[in-house]
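Number of protein chains: 2
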Amino acid sequence: MTIRLALLLIAAQLCAQDRGAILMEFQGFLSIPNVASDGPNIRRNAEWLRQAMERRGIKSQLLEVAGAPPVVYGELTAPGAKRTVVLYAHYDGQPADAKQWKGSPPWEPSMRGGSPMDPETRLYARSSADDKAPIMAMLAALDGMKQFNLKPTVNLKFVFEGEEEAGSGHLGRILAANKRLVSGDYWLICDGPVHQTRRQQLYFGARGVVGLNLTVYGAARELHSGHYGNWSPNPAVMLAHLIASMRDENGQVLIQGFYEGIEPLSETEKRALAGAPDIDAMLMKELGLARTEGRGVLDVINRPSLNIRGVRSAGVGEESRNVVPSEATVSIDIRLVKGNDPARMVELLRRHVEGRGYAVLDREPTPEERLGHPRIATMKVSDAGYRAVRTSMDLAEAREVIEAVKRLRPDVVLLPTLGGSVPLAIIEDVVKAPMIGVPIVNHDNNQHAANENLRLKDFWNGIELFRALFMMETAK
Amino acid sequence: MTIRLALLLIAAQLCAQDRGAILMEFQGFLSIPNVASDGPNIRRNAEWLRQAMERRGIKSQLLEVAGAPPVVYGELTAPGAKRTVVLYAHYDGQPADAKQWKGSPPWEPSMRGGSPMDPETRLYARSSADDKAPIMAMLAALDGMKQFNLKPTVNLKFVFEGEEEAGSGHLGRILAANKRLVSGDYWLICDGPVHQTRRQQLYFGARGVVGLNLTVYGAARELHSGHYGNWSPNPAVMLAHLIASMRDENGQVLIQGFYEGIEPLSETEKRALAGAPDIDAMLMKELGLARTEGRGVLDVINRPSLNIRGVRSAGVGEESRNVVPSEATVSIDIRLVKGNDPARMVELLRRHVEGRGYAVLDREPTPEERLGHPRIATMKVSDAGYRAVRTSMDLAEAREVIEAVKRLRPDVVLLPTLGGSVPLAIIEDVVKAPMIGVPIVNHDNNQHAANENLRLKDFWNGIELFRALFMMETAK
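Those protein sequences? They're chains A and B, same order as listed.
Using our numbering, the first residue of the first sequence is number -3, and each one after it goes up by one.
Using our numbering, the first residue of the second sequence is number -3, and each one after it goes up by one.
Okay, structure coming up:
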């Protein structure tokens, strides 16, 4: 029996697999609170996971450094296989405020919308989507294969992190300490959602990010606006001119050098983008927008961006008072594409501000400095950030993954990069292996918010997907 | 004995007057809490005041409308006098947070810095300066005159308001209902501070004011900045461009027609301004400024201004999140000079925003409106405001007041207008009489804030000043 025939058989027979049993096991996993800072419960999650892997014949262990949630590691060797695939997911979740959850609290999973046989039914719980769903789907995929006595065609390694939502502060050290163990031909990053059209997608990178706050100053204290307005420099106006000088009204960044040094997209990547669905009109309607900043969203996420994520100066509305504010602050995040160095992008911004006549400090000015400089700004990098990572779609490993997924989902969307940022650089720095993003959950899963949920249809699809990947054809 | 000789005599003999007794009586007055909304205590203030006036032979009564603090009214007729001078002050004060007061709470007056004989000693209490000080100084002036058997040369009327700090919501109605009673040749507005150089000043008007909030919109909800930044319109950037279009970096307002319709200063007013002390350098040092927005502060307050009093969009610093904000709000106050109509100035701003491509609403946009307009703003006037008032320095009444004050304080500073706003228009609308501002308290009195205080030197000066005014020479 060819692999292809086996896949078709499995797809047709999926209903034969006990969906009830899968969901029951998953609910047990979701019932364990999983905030990274909650040490005892994180350990219960890790232990639950280790045992669930052992039951499936995966040789597993906890990889640890002091004071951090363990990485749950597992290996399933395929005799004769030449390829070793590392599957990454994370078992920790975002903190949750139970008061904001409707129907059921975050760690008491509940099903809504119909029976588990209805594909539109959703399972509500923290991490039901982000990111326990891929872990459970991998385990269920192995169960389904066992029913048909099918074996993986590649060696599988599992790296399940326990503090992704807390910033992955120890992941690099844990991987470095277990370099040989976690080595493989490439990594599949099993996190994030499928396409907004509900089509399967694969992403080959993620943007980097750096965040900072910039404050400009007026007088040393708030002043009566009647006595001193339009005489004492108004920092809110200064900041408005500064922001306007950074970005035009069409989203174009005006900082010198901002678009330089970008690694261009390959022909394959350009073709992939051209073939991806155009969702601008759909998004505009959903978001109540009569215009966008000029380019298509797929174009935008393949360029660096400068986003104003917040502005504050004195008070507005009920809190407004007749004052000349004494300072004004803007918070900025810069998204990076391959070729952008986080520190260089911050330096370009600093030079831009200096070019507008400001003395730029990394702390508040002293009274003497205020008297010595007509314009002063304080610039503080809040998230040192990390660079973008992008895997070439032309690599043999990438082509194998694309082929395997295409057989099951011919309409798969291939994205050179996610718009959002994932710290892939932390992994890349240690393991030096290509990475490909394999998301399985619905995009409307309320990730990071209250009432997180998993659409069962996407879960069943995900199980099929992992089965296809575990049994894919390889060149060597 | 000429009036002039009498004045000199009195000045020399001021120490003979019992300063201790004045302060003791004042402390009793300051011990009564005086927030306008505190009905029972406001009434105790009014009653205290009525009795204090009666004791001095001032025929007094409470002028009332339902649900408002009374105006305490008094009359002291000077036989044979042709001029009738109305003296306005207010006996209510700003609310106070006792926890922020150091040394003594707001309504437990305390003396700090030395003995009452030391002119630098200060009296701390809510309304010790703003605005019970002028009231007490007028009463003490009459006491001092009585010692020397001196009589006023003009008919005196006293109008002491009880809800100025709460917006003078009923003053117009109370005055209108007692129009004949409160009529006089002109009003002396006894509120505000003396000059920052500690020189006496007279002001002949005050600017008007109008306040508003302006909100611009992006997508219907906050968006992930990685996925949608620089694609979905960023309202913080839109607002920055809008603010920058309203004002250049030198304080010049760029709204069409903003500087039109201003009633020009007379030659006398220009001369007065040219003779006023240049305090820019002193203020810049005090406020930590290495530059100002281009013009001298005295020039600025004689023009309309547009001040950004606050800006807010999403969060900064600790509160920053990686989002494209869904809206951004600016709070603006516009100061008006004579000739500016508040409604017209708001209309000019509205037209300016429309001219930048915005549909301007007076409420939040509906989902349909969002989809129908590329740019939408909501503009809400928060303080309907009032116009500026300015009395000509060339009026006979004005010249008499200036003369009387100049004899006592040859270095008096004459200001065509205050930079700040006082609702003189409310009074002017009813009584149609000229108004002149006669402040007596120190500028550094912590008005409206914690630890309000009165510098005794200014208080003693104020008593002398009222004595001079009560006995001034008049043309008729």
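Built from N, CA and C at the ideal position, the CB exists for glycine as well.
Nothing here was measured: the structure is a model prediction, and the numbers come from that model.
Within the stretch 432 to 461 of chain A, not one residue has a Cβ closer than 7 angstroms to any Cβ of chain B.
Each of B/G201, B/R195 and B/A77 was checked against the Cα of B/T149, and the nearest Cα belongs to B/A77. Annotation: Cβ neighbours of A/D329 in chain B (cutoff 7 angstroms, chain order): S221 and N318. At a beta-carbon threshold of 9 angstroms, the residues of chain A lying near B/P321 are I304, R305, G306 and V307, ordered along the chain.
Apart from sequence neighbours up to five positions away, the residues of its chain that approach B/A85 with a beta-carbon distance below 7 angstroms are D127, P130, I131, F156, C186 and D187, ordered along the chain. B/R366 has a beta carbon lying within less than 8 angstroms of a beta carbon in chain A. Within chain A, no C-beta atom comes nearer than 8 angstroms to that of B/N336; the closest sits roughly 14 angstroms away. Less than 8 angstroms divides the Cβ of B/N318 from the Cβ of A/R305. For A/A62, the secondary structure class from DSSP, reduced to helix, strand or coil, is coil. With a 10 Å radius around the Cβ and a threshold of 16 neighbouring Cβ atoms, A/G271 comes out exposed. Among the bridge pairs identified by DSSP, B/H191 is matched with none. The C-alpha of B/L461 lies about 12 angstroms from the C-alpha of B/R195.
Secondary structure of B/M113 (DSSP, three-state): coil. Closer than 8 angstroms to the CB of A/R291 there is at least one CB belonging to chain B. For B/D379, DSSP records a beta bridge to B/G207. Assignment of beta-bridge partners to A/T374 by DSSP yields A/T211 and A/L357.
A/L152 is the residue among A/F22, A/G99, A/L152 and A/L138 whose C-alpha sits nearest the C-alpha of A/Y69.
Taking the C-beta atoms as reference points, A/G204 is found nearer than 8 angstroms to A/A384. Under the three-pair Cβ rule at 8 angstroms, the stretch 216 to 235 of chain B counts as touching the stretch 309 to 328 of chain B. Residues of chain A whose Cβ lies closer than 7 angstroms to the Cβ of B/R203 are, in chain order, G222. Under the three-pair Cβ rule at 8 angstroms, the stretch 388 to 408 of chain B counts as touching the stretch 456 to 472 of chain B. A check of alpha carbon separations from A/S228 across B/K376, B/A400, B/V293 and B/V349 identifies B/V293 as the nearest. Contact of B/H86 with chain A is not assigned, every C-beta pair being separated by 8 angstroms or more. In the three-state DSSP reduction, B/I251 falls in the coil class, being neither helix nor strand. Chain-order list of chain A residues neighbouring B/M234: E245, by C-beta distance under 9 angstroms. Distance from A/D425 to A/I436 at the Cβ level is roughly 26 angstroms; contact not present, criterion being Cβ atoms closer than 8 angstroms. In this structure, A/L410 keeps its C-beta atom at 8 angstroms or more from the C-beta atom of A/M431.
B/S56 has B/G70 as its beta-bridge partners, per DSSP. Assignment of A/D329 by DSSP, reduced to helix, strand and coil, places it in the strand class. Cβ atoms of A/Y354 and A/I372 come within 8 angstroms of each other, at about 6 angstroms. For B/L332, the nearest beta carbon of chain A is not closer than 8 angstroms to its own beta carbon.
Residue pairing for A/S106: DSSP places it in a beta bridge opposite A/Y120. With the rule of 3 Cβ pairs closer than 8 angstroms, the stretch 59 to 68 of chain B counts as touching the stretch 169 to 186 of chain B. For A/H220, the secondary structure class from DSSP, reduced to helix, strand or coil, is strand.
At the C-beta level, A/V349 and A/V356 come within 8 angstroms of one another. Taking A/W44 as the centre and dropping the five residues before and after it, the same chain places the C-beta of F25 and I28 closer than 7 angstroms to its C-beta, in chain order.
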